[in-house]
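Using the numbering used here, the letters of the sequence shown correspond one by one to residues 570 to 1190.
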Amino acid sequence: MSQETRKFEAEVAQVLHLVTHSLYSHKEIFLRELISNASDACDKLRFEAVGKPDLTSDDPELRIQITWDPEARTVSVRDNGIGMSKDEVVANIGTIASSGTRRYLEALSGEQKADARLIGQFGVGFYSAFVVADKVTVITRRAGEPTEAGVRWESDGKGEYTLEDMNVTERGTTVVLHMKADEDEFLKFWTLRAAVTKYSDHVAFPIRMPVEKDGKPDPTDWQTINSASALWSRPKSEITDEEYQNFYKALGHDFNDALAWTHNRVEGSQSFTTLLYVPEQPPFDLMMGGREERKGLKLYIKRVFIMDAAEELLPNYLRFARGVVDADDLPLNVSREILQQNRQLERIKAACTKRVLDLLEKVSRDEPEKFATFLAGFGNTLKEGIVEDTANRDRIAKLLRFASTKGEGAAKTVSFDDYIGRMGEGKDTIWYVTADSYAAAAGSPQLEALKAKGIEVLLMSDRVDEWMLGYLTEYDGKRLRNVAKGEFPLDEADKAKQEAASAEAAPLIERTKSLLGDRVGDVRVSARLTDSPSCLALADFDLAPHLARLLREAGQDVPESKAVLELNPEHPLVKRLAAETDDAKAGDIAGLLLEQAEITAGAQLADPAAFVQRMNRVLLG
Ligand code: ADP
570 MSQETRKFEA EVAQVLHLVT HSLYSHKEIF LRELISNASD ACDKLRFEAV
620 GKPDLTSDDP ELRIQITWDP EARTVSVRDN GIGMSKDEVV ANIGTIASSG
670 TRRYLEALSG EQKADARLIG QFGVGFYSAF VVADKVTVIT RRAGEPTEAG
720 VRWESDGKGE YTLEDMNVTE RGTTVVLHMK ADEDEFLKFW TLRAAVTKYS
770 DHVAFPIRMP VEKDGKPDPT DWQTINSASA LWSRPKSEIT DEEYQNFYKA
820 LGHDFNDALA WTHNRVEGSQ SFTTLLYVPE QPPFDLMMGG REERKGLKLY
870 IKRVFIMDAA EELLPNYLRF ARGVVDADDL PLNVSREILQ QNRQLERIKA
920 ACTKRVLDLL EKVSRDEPEK FATFLAGFGN TLKEGIVEDT ANRDRIAKLL
970 RFASTKGEGA AKTVSFDDYI GRMGEGKDTI WYVTADSYAA AAGSPQLEAL
1020 KAKGIEVLLM SDRVDEWMLG YLTEYDGKRL RNVAKGEFPL DEADKAKQEA
1070 ASAEAAPLIE RTKSLLGDRV GDVRVSARLT DSPSCLALAD FDLAPHLARL
1120 LREAGQDVPE SKAVLELNPE HPLVKRLAAE TDDAKAGDIA GLLLEQAEIT
1170 AGAQLADPAA FVQRMNRVLL G
């Protein structure tokens, strides 16, 4: 038998250090994590055994056993699940393969509470053993392999581990924790049992513990201490909120409670159960890596775990949802490829989508504050649905909330329905403005005239907004319009006023056009402005200037489009331009009117130095 000592990857040592320090106030979580791994291992074996019944025939009952030894000061968690080969041990517990964990390390703030929350979101599960143990031994053999293919792994969590070949008679994995000196409480039956009940009652396999006799375990008398029925298969009325929450935490690797959940059984030609949760806080990698590693939505077939199938069960914009889908009639030996083309699964996916949207609607109606928390974390993800899911576009739009000229400052509280409710009779337009910050949106000169008339404007400043609005052109029969785009006569009276003003200002307009030359597409009198001297007006399909700037900064080729410059002839600066006889001076004023319009629109000045020189000349008179 060979024994060797290996070093952990540097990151493992780092994670170990952090886990032990930040989980300090949640010590008993190590049990939840180890039981969750044991349960996954049983799930995996049950699934493999569908095609190879021999794997389990010698010991068919999958189970988890927990015991303690007060003299040796150990706690062990054993499962007769899939087990690990030597290579798997090295790959799974000697390295940190997941890019999520690497990102986790990068995200650490040094603040213990925040860090502990992050750890929960990553499920660095196994390492939590070192919170309470100063040495951990793993003895494992993969199901189907011969006895001598067993492995013994051991580490004190300080940078190295030993690996040894070993005869292991029973398949599966035993994790032995050598408890730290001050962790006596876990060497007691009741502490262990209470923690198991609290965190792992829902586990679908029996969890057994020996009964206690004189403070010691009685190895001849094992009792099942959990309900051992899959939580989702129990009737709703018998499940407490706490059980739902504990199940969520184990499933979603989250420390926080779920925001809400929905549990349903569909009976019929195709029967299935769904239990879907919406988290409170985004997992750390939702926006960044979330697309590659969508975890936390598990597909079962008649209580047999099949695979993580988030992509097959929910559209991408609902990727924050966690949960379980248990179908009665799918073929058990499905592969991912088969799943993707399965018509039944399409129906299940549509049902899950509907359930999550129903749930969000309910929360938005009944618990607006909770819903605001949800939107703060997931609002932008949800907006992707406007583009991705045309069938549910209206339902998704109904859930969105925005800042508004009639809202509460920067808080995003106004829905399209709120807007329509107060827009007044006979109105058919929902006005909005986009910018790259709330302040820039709220200060847009383009919305001055609407504001003066008491017309509400939604203030959109999330990056996805502009893209989303390209697909959302109406809501509930009302047209969505960007205040910065297109022509702008509001009603007949305005139109007449505008025509009169344009006629009067015709010489000024012509002169400004010739002064600015090809820097502008056109110049005209504005119907949008009341306070500012100038603004840009875009054509319907023009890219918003702030977005064009972002895309250019990101290295993209964005076609130059020349905006229309609109002037407010009532403004003193514009009057000064009209009265200026010196062409050079008039050129400076016209240039500044264009440049300030560009700045408020979030565009990038083509020639900042020229702008500064112009401004200085005008300031100095
Ligand atoms: P996670 O469970 O989030 O993947 P862990 O650090 O808890 O992270 O475990 C890492 C991997 O080690 C698991 O994904 C699994 O492949 C393997 N593993 C852990 N515990 C067991 C076990 N009891 N039986 C079989 N494999 C296990």
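Beta carbons are placed, not taken as given, at the ideal position from N, Cα and C, and that holds for glycine.
Between which residues of its own chain and residue i is the CB-CB distance below 8 angstroms, once the five residues before and five after are set aside?
i, result
"methionine 778", "Gln634, Ile635, Thr636, Phe758, Leu761, Arg762, Val765, Pro786, Trp791, Gln792, Ile794"
"lysine 1144", "Pro1138"
"glycine 1124", "none"
"aspartate 1060", "none"
"serine 1071", "Ile1078, Arg1093, Val1094"
"leucine 820", "Tyr846, Gly865, Lys867, Arg891, Gly892, Val893"
Would the beta-carbon of residue i be found less than 7 angstroms away from any heavy atom of ligand 1?
i, result
"glycine 650", "yes"
"isoleucine 662", "yes"
"glycine 694", "yes"
"asparagine 961", "no"
"threonine 742", "yes"
"alanine 797", "no"
"asparagine 606", "yes"
"glutamate 807", "no"
"glutamate 714", "no"
"proline 610", "The question names proline, yet the displayed sequence has alanine at residue 610. Checking every heavy atom of ligand 1 against the Cβ of alanine 610, one is found closer than 7 angstroms."
"glutamate 597", "no"
"methionine 653", "yes"
"glutamate 602", "yes"
By Cβ distance below 6 angstroms, which residues in the same chain neighbour residue i in space, the five residues on each side in sequence not counted?
i, result
"glutamate 861", "Residue placement at glutamate 861 is poorly supported in this model, since its pLDDT is 43, which falls under 50; the coordinates still yield a value, given next. Counting only Cβ-Cβ distances below 6 angstroms, and skipping sequence neighbours, we find nothing."
"aspartate 511", "With the chain covering 570 to 1190 only, the question about residue 511 has no answer from this structure."
"glutamate 657", "none"
"isoleucine 965", "Gly954, Ile955"
"glutamate 717", "Asn736"
"glycine 713", "Leu624"
"valine 893", "Trp801, Leu844, Lys867"
"methionine 856", "Bear in mind that the predicted position of methionine 856 carries a pLDDT of just 41, short of 50, making it too unreliable to give a figure here."
For residue i, name the three-state secondary structure that DSSP assigns.
i, result
"asparagine 1185", "helix"
"glycine 551", "Look at the range of the chain in this structure, 570 to 1190, and you will see that residue 551 is not part of it."
"glutamate 578", "coil"
"proline 1141", "helix"
"arginine 888", "coil"
"methionine 778", "strand"
"histidine 832", "strand"
"aspartate 623", "helix"
"glutamate 704", "Glutamate is not the amino acid found at residue 704; the sequence shown has lysine there. It is a strand residue."
"valine 646", "strand"
"glutamine 839", "coil"
"proline 1128", "coil"
"proline 786", "strand"
"leucine 868", "strand"
"glutamine 572", "strand"
"alanine 972", "strand"
"arginine 632", "coil"
"leucine 1105", "strand"
"arginine 962", "helix"
"arginine 601", "helix"
"glutamate 1073", "helix"
"glutamine 1165", "helix"
"lysine 981", "coil"
"asparagine 949", "helix"
"lysine 1064", "helix"
"phenylalanine 1110", "coil"
"aspartate 1091", "strand"
Tell me which residues share the same chain as residue i and place their Cβ nearer than 7 angstroms to its Cβ, disregarding the 5 neighbours each side in the sequence.
i, result
"glycine 1171", "Ala1004, Asp1005, Ala1009, Pro1114, His1115, Arg1118"
"proline 788", "Pro779"
"phenylalanine 1191", "With the chain represented from 570 up to 1190, any question about residue 1191 goes unanswered, as that position is not in the structure."
"alanine 702", "Leu746, His747, Met748, Lys749"
Looking at the C-beta of residue i, does it have a partner C-beta in chain C at a distance below 8 angstroms?
i, result
"alanine 1113", "The structure shown contains no chain C, having only a single protein chain."
Sequence ranges, alpha helix (DSSP H) only - wholly within the segment 891-942, length at least 4
905-909, 912-935
Below 8 angstroms, can you find three or more Cβ-Cβ pairs linking the segment 884-891 to the segment 940-958?
yes
Identify every run of the beta strand (DSSP E) within the segment 723-758, keeping only runs that are complete inside it and at least 3 residues long; order them along the chain.
729-735, 741-748
Would you be able to state if there are at least three C-beta pairs under 8 angstroms between the segment 998-1005 and the segment 1100-1117?
yes
Is the segment 1120-1134 in contact with the segment 972-989, if contact means three or more CB pairs nearer than 8 angstroms?
no
Check whether the segment 1097-1104 touches the segment 1014-1034, taking contact to mean three or more Cβ pairs, one atom from each stretch, closer than 8 angstroms.
yes
Length-filtered (4 minimum) alpha helix (DSSP H) runs lying within the segment 997-1045
1007-1011, 1017-1021, 1032-1038
Assess contact between the segment 704-715 and the segment 599-608, defined as three or more Cβ pairs (one per stretch) separated by less than 8 angstroms. Is contact present?
no
Per the contact definition of three or more C-beta pairs closer than 8 angstroms, is the segment 978-995 in contact with the segment 1059-1066?
no
Can you confirm whether the segment 1083-1096 touches the segment 1030-1040 when touching is taken to mean that 3 or more C-beta pairs between the two stretches lie within less than 8 angstroms?
no
Check whether the segment 768-777 touches the segment 737-752, counting contact only when three or more Cβ pairs, one atom from each stretch, lie closer than 8 angstroms.
no
Tell me, please, whether the segment 929-944 touches the segment 989-998 by the rule of three or more beta-carbon pairs shorter than 8 angstroms.
no
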